[in-house]
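Per our numbering, the sequence shown starts with residue 177, numbered consecutively.
Before any comments, here is the structure.
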Amino acid sequence: MTSKDQITSRHLLIIQHVRTTSVNISLWPSMILTIAAAGGRLDDVWQKAYEKARKIVEKMSIVEKVNLTTGTGWGSGPCIGNTGSVPRLGIPSLCIQDGPNGVRFTDFITHFPSGLAAGSTFNRGLIYLRGRALGREHRKKGVHIMLGPTIGPIGLKAAGGRNWEGFGADPYLQGVAGAATIEGIQDEGVIATVRHLVGNEQEHFRQVGEWDENGWDKMKSSISSNIGDRAMHEIYLWPFADAVRAGAGGVMCSYNQLNNTYACENSYLMNYLLKEELGFQGFVMADWGAQHKGVYSALAGLDMTMPGEVFDDWLSGKSYWGPLLTRAVYNHTIPQTRLNDMATRIIAPFFAQKSISLPTESDLPNFSSWTYHTYGQQYPYQHYGPIIQQNWHKDARSKFSDDAALNVAREAIVLLKNSGHNLPIAKIDGVRRLFVAGVGAGADPKGFNCKDQRCVDGVLTSGWGSASVNNPFVITPFEAISHKAREQGIVVDYSSDAWDLEHVSNLADYADLSIVVVNADSGEGYIEVDDNYGDRKNLSIWHDGDTLIQTIAGRCRKTVVVINSVGPVNLEKWIENENVVAVLYTAPLGQYTGKAIAEVLFGDVNPSGKLPFTIAKKKQHYVPIIDELTSSKPQDNFDRDIYLDYRFFDKHTINPRFEFGFGLSYTSFEVSDLKIKEINAPSEYLPYPEEYLPEYHTIEDDVCDPEDALFPHDEFDPVPGFIYPYLYDENVFTVEGDTSFDYPKGYSPDPKCNPPLAGGGLGGNEALWEVLYEVSAEVKNTGKLQGGHVVQLYLEFPSTILTSPPKVLRGFEKVFLDSGKKAKVNFKILHRDLSIWDPESQQWIIQTGTYKVYVASSSRKVDLCGEIDIGA
Ligand SMILES: *[C@@H]1O[C@H](CO)[C@@H](O)[C@H](O)[C@H]1NC(C)=O
Ligand SMILES: *[C@@H]1O[C@H](CO)[C@@H](O)[C@H](O)[C@H]1NC(C)=O
Ligand SMILES: *[C@@H]1O[C@H](CO)[C@@H](O)[C@H](O)[C@H]1NC(C)=O
Ligand SMILES: *[C@@H]1O[C@H](CO)[C@@H](O)[C@H](O)[C@H]1NC(C)=O
Ligand SMILES: *[C@@H]1O[C@H](CO)[C@@H](O)[C@H](O)[C@H]1NC(C)=O
177 MTSKDQITSR HLLIIQHVRT TSVNISLWPS MILTIAAAGG RLDDVWQKAY
227 EKARKIVEKM SIVEKVNLTT GTGWGSGPCI GNTGSVPRLG IPSLCIQDGP
277 NGVRFTDFIT HFPSGLAAGS TFNRGLIYLR GRALGREHRK KGVHIMLGPT
327 IGPIGLKAAG GRNWEGFGAD PYLQGVAGAA TIEGIQDEGV IATVRHLVGN
377 EQEHFRQVGE WDENGWDKMK SSISSNIGDR AMHEIYLWPF ADAVRAGAGG
427 VMCSYNQLNN TYACENSYLM NYLLKEELGF QGFVMADWGA QHKGVYSALA
477 GLDMTMPGEV FDDWLSGKSY WGPLLTRAVY NHTIPQTRLN DMATRIIAPF
527 FAQKSISLPT ESDLPNFSSW TYHTYGQQYP YQHYGPIIQQ NWHKDARSKF
577 SDDAALNVAR EAIVLLKNSG HNLPIAKIDG VRRLFVAGVG AGADPKGFNC
627 KDQRCVDGVL TSGWGSASVN NPFVITPFEA ISHKAREQGI VVDYSSDAWD
677 LEHVSNLADY ADLSIVVVNA DSGEGYIEVD DNYGDRKNLS IWHDGDTLIQ
727 TIAGRCRKTV VVINSVGPVN LEKWIENENV VAVLYTAPLG QYTGKAIAEV
777 LFGDVNPSGK LPFTIAKKKQ HYVPIIDELT SSKPQDNFDR DIYLDYRFFD
827 KHTINPRFEF GFGLSYTSFE VSDLKIKEIN APSEYLPYPE EYLPEYHTIE
877 DDVCDPEDAL FPHDEFDPVP GFIYPYLYDE NVFTVEGDTS FDYPKGYSPD
927 PKCNPPLAGG GLGGNEALWE VLYEVSAEVK NTGKLQGGHV VQLYLEFPST
977 ILTSPPKVLR GFEKVFLDSG KKAKVNFKIL HRDLSIWDPE SQQWIIQTGT
1027 YKVYVASSSR KVDLCGEIDI GA
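Structure, rendered in structure tokens:
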């Protein structure tokens, strides 16, 4: 409840707050817009990195700087994205490669479990190791900038095509897992690019020009995600704050529009929210073809365009930047300070961390995204250039990667049901005859590697699209289960037929225990599978899995269901069937899918994964995909506001089938002894951040001499379709500077002195990261088996100023304990963890009142409860 008095006194407080400082900066949103610009330096490490970068950039000519900002074009270079090079200074083309689950488009790499699987482990340390392994393999292949991790979509819509790339439907989980992954990747010398900023919650209509043949040509602009300010801060931007804090070098802006401005030309998003408020110091890169305007996007804060061309005009050489960016600088439409800033932001991340260095001309990728042959023409897409070595087939794998991939797969598996304790399977329980069924149990008839993993008629190792990875091999569930069964003298039968139910019934009838492996798939919007345009068209299990499960359960008293899927599926048709004795859920697990599943089924591994989203009973409880075009400018109003996933179910007291954070074990745990300790006294309002650091030196404007920018025809011939930074005609020089250009609202090229109140540190105001409380509890393994338990910390906020969800996740710790053993877990509650975003005053506020502290084993199962009182 918000009382009028409180509002009044709050406003007074804010006003006093303003008066007590000499800083001349307004708190009100409209005013903030007018100061929005490219951000300043605020961190010592980055300050030093900037100095080094500036010393390099100041030696560059305009065309050399433009070269760094613009991709050379689709297929014009070995990687999925390649920047222009600066040969004069020994800087090669930067190799930019997908992706978040392994190195795309090459061989001898590991197919890691998906981001969603990593999220399901709720194990920060393990997520970091997965990040390191990802980074190490990218580095071994010669990648400089990796496209990952994915922390948006956040998972607003259960059927969203790319949810499986990210870590789960909670900003805190995405933030912790995203930061750990970034740290891992960058510790191995590769720059991480977090994607996608922001609101890319569905694939339908994400990009104008995609699926025109479907009647989508009526669409005049990409879908607009209309996100309220509070939800933007507390939900969608939250994990990006963690990513910036973790030092991510790159951020990728998304295809969709945000409030009817394209994300990649949204000054408020890039200049203000990202660069000012979150203090992001690196570069913003456009998703492939997500740029829609040249000058405008540059002024709005975009620093790099990929792959170089305009969308869907690959190989045309047509770019919004390249020559046009050069021209816009020459005719003074884009100030040179902006181009310098772009180039500096691209170079600086290579100096911001000891483990990373600016590549030299001998540090090149040793694979080609465009051919698997060892030798081939230099530009396979253009059929151009000499025959050269394209692939060295370097084995990037190691025991380190293997362990990371397998351990994540094992810990990701969530045990949803185990009535009668029929799992783990053991011969002594009378299981002598096993039947393994379901399309997900064996290989797709087409094999393990269809283009971008669009095969769906077999074991699911990932979703489809740019985050997919070639499988170096796959251990199928059937292979691994039958191997274990044979070791125990169990006989195994198998059918992956989902349609011949009579046949399957007979096999089930004979078995002591049946295991049905089913799946549901989705992916990126450029691929359609069975009328699923990226997003899933329904939340059912594929291949009529419900009927298969019901049929088998009708004949076999012990039926175990393994669901391998990209997100929640509807379980209602059979979940209460008493013959369905056990159910496992797994997100896509990569190459080791079957091995990890078999180890859990047979008890080599005690399941410890937790659901990274809620599974509802009714589809009306989920946010639907907008899949019909009712307007040429499709609008997606994010009406759920801050009530993402379990927050919605809790608010409306809707019983889910399985709640966020849920997952059973073969052993049992007891949590006790809650302690809450104040470390630093909370303050209601944020202190003003310090001024931006002064720039030690600035780069002087170049003299715009026409000769410098012309295509050097005497030096080399242009490659067809290749994007160069050069001018092709001299007419540009007759053009006088045009100062009437329509700058993004609030844009000013002048350097800022002061960050906004919510800004001033990496990820936001430094005070947000201060530890205010420490919470601890004791966990005991009270069962007979060794096992892992995820202790979850949720907070319930007071409603002094604004109402918040009944519970929000603010901590998790995973502990592994032998039977009878105890351990203590500690949580640090930061200033930001207790804060709400107040749209009116544009700041994070800690409300006075009582905060409930829940130590829980899921978002619905509270083990211990305490309170924090924050007085006025
Ligand atoms: C721009 O990059 C291309 C491709 O790497 C290179 O051929 C060209 O020499 C570069 N231009 C300048 C001015 O450095
Ligand atoms: C975006 O749109 C939402 C919903 O209409 C609105 O609440 C919010 O204030 C808008 N944000 C900006 C930055 O304009
Ligand atoms: C300057 O160049 C840019 C890029 O080609 C163009 O959009 C703009 O109209 C030009 N301005 C003038 C005054 O010619
Ligand atoms: C592959 O590329 C990396 C990075 O450039 C390099 O260190 C390594 O020597 C290369 N390996 C081969 C086989 O070319
Ligand atoms: C749901 O989608 C799957 C995959 O496209 C399809 O096989 C199935 O028939 C659909 N189910 C329903 C009930 O529409």
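All residues carry an ideal CB built from backbone N, CA and C; glycine is no exception.
Whole-angstrom C-beta distance between residue j and residue i, which should lie under 8 Å
i: Lys-241; j: Leu-515; result: 5 Å
i: Pro-783; j: Leu-591; result: 4 Å
i: Leu-373; j: Leu-445; result: 7 Å
i: Leu-805; j: Lys-394; result: 6 Å
i: Ala-758; j: Val-736; result: 4 Å
i: Leu-582; j: Tyr-768; result: 5 Å
i: Ala-334; j: Leu-715; result: 6 Å
i: Leu-840; j: Asn-598; result: That belief does not hold up - the Cβ atoms of Leu-840 and Asn-598 are roughly 13 Å apart, past 8 Å.
i: Gln-565; j: Thr-550; result: 6 Å
Coil, strand or helix - residue i by DSSP
i: Val-522; result: The sequence as given places Ile at residue 522; Val does not occur at that position. DSSP places Ile-522 in helix when its eight states are reduced to three.
i: Asp-849; result: strand
i: Trp-222; result: helix
i: His-889; result: coil
i: Gln-796; result: helix
i: Ala-419; result: helix
i: Trp-392; result: helix
i: Gly-477; result: coil
i: Ala-294; result: helix
i: Ala-572; result: coil
i: Phe-825; result: helix
i: Asn-200; result: Per-residue confidence for Asn-200 stands at a pLDDT of 26, beneath the threshold of 50, marking its modelled position as unreliable; the derived number appears in the next sentence. In this structure, Asn-200 counts as coil in the three-state DSSP scheme.
i: Ile-601; result: coil
i: Ala-407; result: helix
i: Gly-963; result: strand
i: Ser-882; result: One detail in the question is off: residue 882 reads as Pro in this sequence, not Ser. DSSP places Pro-882 in helix when its eight states are reduced to three.
Rounded separation between residue i and residue j - CA only
i: Thr-369; j: Gly-936; result: 22 Å
i: Ala-1048; j: Ser-1011; result: 15 Å
i: Ala-419; j: Ala-934; result: 16 Å
i: Tyr-1030; j: Asn-813; result: 32 Å
i: Gly-897; j: Lys-494; result: 8 Å
i: Tyr-304; j: Ile-361; result: 8 Å
i: Thr-286; j: Val-584; result: 13 Å
i: Tyr-861; j: Glu-410; result: 16 Å
i: Ile-666; j: Asp-673; result: 22 Å
i: Asp-669; j: Leu-1006; result: 54 Å
i: Arg-371; j: Asp-685; result: 49 Å
i: Leu-500; j: Leu-903; result: 8 Å
i: Ile-208; j: Ala-619; result: Low confidence applies here, because Ile-208 scores a pLDDT of 29, under 50, leaving its location unreliable and the question unanswered by this model.
i: Gly-616; j: Thr-976; result: 50 Å
i: Tyr-555; j: Thr-248; result: 12 Å
i: Leu-413; j: Trp-675; result: 45 Å
i: Pro-263; j: Thr-282; result: 27 Å
Those residues which DSSP pairs with residue i across a bridge
i: Trp-1013; result: Trp-1020
i: Leu-760; result: Leu-591 and Val-738
i: Ala-617; result: None, per the DSSP bridge assignment.
i: Lys-274; result: Here residue 274 turns out to be Asp, not Lys, going by the sequence shown. The partner list for Asp-274 (beta bridge, DSSP) reads Leu-323.
i: Phe-834; result: Ile-791
i: Ala-1032; result: Gln-968 and Val-1038
i: Leu-244; result: DSSP, once it has assigned bridges, lists no residue as partnering Leu-244.
i: Ser-400; result: Gln-433 and Gln-811
i: Met-428; result: Arg-371 and Met-461
i: Val-1001; result: Ala-953
i: Tyr-709; result: Glu-704
i: Ala-696; result: Ser-741
is_contact[residue i, chain C] using C-beta, thresh 8 Å
i: Leu-760; result: Among the chains in the structure shown there is no chain C, since it carries only a single protein chain.
**Request:** Go through the region 489-556 residue by residue and report every complete run of the beta strand (DSSP E) that reaches 3 residues or more, in order.
**Result:** 551-555
**Item:** Contained beta strand (DSSP E) runs [length at least 3] in the region 616-689, N- to C-terminal order
**Value:** 667-671
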